[in-house]
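Student: For reference, each letter of the sequence shown is one residue, going 214 to 520 in my numbering.
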Amino acid sequence: MTSTAQPGSRPADASGTFLLGGELPVNRLGYGAMQLTGPGVWGEPRDPDEAVRVLRRAVELGVNLIDTADSYGPFVSERLIHQALHPYPDDLVIATKGGLTRSGPDDWRPVGRPEYLRQQCELSLRHLGLERIDLYQLHRIDAKVPVADQLGELALLQQEGKIRFIGLSEVTVAQLAEARKLETVVSVQNLYNIADRSAEDVLEYAERETARGDSLAFIPWFPMATGELAKPGGPLDAAARQHGASPSQLALAWLLRRSPVMLPIPGTSRVAHLEENTDAARIELTDAEFEALSDAVAGPRRPDSTG
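Here it is in structure tokens:
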């Protein structure tokens, strides 16, 4: 399901490729568009022009997987993507999510009623300027609604040609396995980074399923968290100095090395930071460096934001 690319003029090409659903190629290092919105993932960005520049520069750097959600803003992130990139390059895959409603900054509430998911998908199609969304992810499973009803509505939208592939976000292995008995799921997006590997079992499940020929991407949100590992003299700091890179770049390089099903989507609202993140695809960790970083695990920490 994967291949390795050689570094070229577009750094994201060096991350290698993954076939979403076994058929749709994307560079493994993508871009997450949550930070393009205002504080608390609410409202317009402080610098709308820079947000547009970030999106356009991401594509120039070889990023062809952009992840967003209707709840980012709400809809601010999707509209910015449309403004910056429409008409879209042929190889660009835009993944969005539905299933979280907003009532203010940093407020996230699952709503998985079928009529709500349909409404949000239709709005995302309109705001993104798409006839079909390549990857539509259930942002959270709503415990108040049967999973079969939530996924069933997405499957209906898929049959209608409005969704190509279905993904899930923040699920357990049991939830993921149950969902995949109901519908075809091609991706899972969970919190995961070098300092917090609480979703390791979900990643390992995705690896096993992909090895069996059933392509299942793992998309880690909050991928650049480093915790205590980046303190002066710590393992990330030492490796970063060795490579002339930042600890965050080493954290991304570690993710790319960790698994061929891993599709990190680091986000930022600044072009300079985007370029630094994307250059991480060119960092090649030695076996010893990778093992040292893998063994130096800080305690898990959950952020206040959502993926």
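Glycine included, every Cβ here is placed at the ideal spot set by N, Cα and C.
Fair warning: this is a prediction, and the values are worked out from it, not measured in the lab.
According to the neighbour-count rule (16 or more other Cβ atoms, all chains shown, within 10 Å of its Cβ), is H352 buried or exposed?
Tutor: Classification of H352: buried, given that the 10 Å Cβ count is 16 or more.
Student: Can you look up L233 in the DSSP assignment and give me helix, strand or coil?
Tutor: Correct three-state label for L233: strand.
Student: For the structure I just gave you, are there three or more beta carbon pairs, one from the stretch 228-244 and one from the stretch 472-481, closer than 8 Å?
Tutor: Output reads yes: the stretch 472-481 touches the stretch 228-244.
Student: Which residue's Cα is closest to the Cα of S428: R331, S400, A368 and A282?
Tutor: The shortest Cα separation from S428 among R331, S400, A368 and A282 belongs to S400.
Student: Could you pull out every residue in the same chain whose Cβ sits closer than 6 Å to the Cβ of G325, ignoring the five residues on either side in sequence?
Tutor: Contacts found: G312, D355, V358 and Q363.
Student: In three-state terms, what does DSSP make of N240?
Tutor: If DSSP states are grouped into helix, strand and coil, N240 belongs with the strands.
Student: Please classify A501: does DSSP put it in a helix, a strand, or coil?
Tutor: DSSP places A501 in helix when its eight states are reduced to three.
Student: With H, G and I counted as helix, E and B as strand and the rest as coil, what does DSSP make of K444?
Tutor: Of the three classes helix, strand and coil, the one that applies to K444 here is coil, per DSSP.
Student: So, is N310 buried or exposed, given that buried needs 16 or more other C-beta atoms within 10 angstroms?
Tutor: Inspection of the sequence shows that residue 310 is occupied by Lys rather than by Asn. Buried, because 16 or more other Cβ atoms sit within 10 Å of the Cβ of K310.
Student: Within 10 angstroms of its Cβ, does P588 collect 16 or more other Cβ (buried), or is it exposed?
Tutor: Absent from the structure is residue 588, since the part of the chain shown begins at 214 and ends at 520.
Student: How many angstroms separate the CA atom of L442 from the CA atom of R331?
Tutor: Distance between the alpha carbons of L442 and R331: 43 Å.
Student: Quick one: complete alpha helix (DSSP H) runs, 4+ long, within the stretch 303-372?
Tutor: Counting whole runs of 4 or more residues, the stretch 303-372 contains the alpha helix (DSSP H) stretches 327-341 and 360-372.
Student: Identify which residue in Y244, I376, I379 and P287 has its Cα closest to the Cα of V272.
Tutor: Nearest C-alpha to V272: Y244.
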